[in-house]
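**Q**
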Amino acid sequence: MRPRKYPYKTIRPLPSTKRVKDVIKHLQLIKQDFPNPSEYMKPRVKALAELTSEDVRDYDLKFAPSELVSQLRDLQSSF
1 MRPRKYPYKT
11 IRPLPSTKRV
21 KDVIKHLQLI
31 KQDFPNPSEY
41 MKPRVKALAE
51 LTSEDVRDYD
61 LKFAPSELVS
71 QLRDLQSSF
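With full-length UniProt numbering applied, the sequence shown corresponds to residues 1 to 79, in that order.
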């Protein structure tokens, strides 16, 4: 006798959505920690934001929800 299938499926987020959410969270933390960086700190904050943004590939942006992608673009443009 075969076991019964699980009666319902759980919808898990795609890995690309998870990566985009993680990068958004990191960029928000950077923006919160350095709200008005000085001229000396601006290049360092920008480099830190770019380093965090490298985790997201074009493939991830293609499959992530559009509102997350637009939120990510807004955060990236603020640096």
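Virtual Cβ for every residue (Gly too), placed ideally from N, Cα, C.
When the Cα atoms are used, what is the spatial distance from VAL69 to VAL20?
**A** 8 Å
**Q** If you run the structure through DSSP and keep just helix, strand and coil, what is GLU54?
**A** Looking at GLU54 - three-state DSSP - the assignment turns out to be coil, as it is neither helix nor strand.
**Q** Around the Cβ of LEU27, are there at least 16 other Cβ atoms within 10 angstroms (buried) or fewer (exposed)?
**A** buried
**Q** Is ALA47 buried or exposed, if buried means 16 or more other CB atoms sit within 10 Å of its CB?
**A** Counting Cβ neighbours within 10 Å, ALA47 comes out exposed, since fewer than 16 surround it.
**Q** ALA64 by DSSP, collapsed to three states: which one?
**A** When secondary structure is reduced to three states using DSSP, ALA64 falls in the coil class, being assigned neither helix nor strand.
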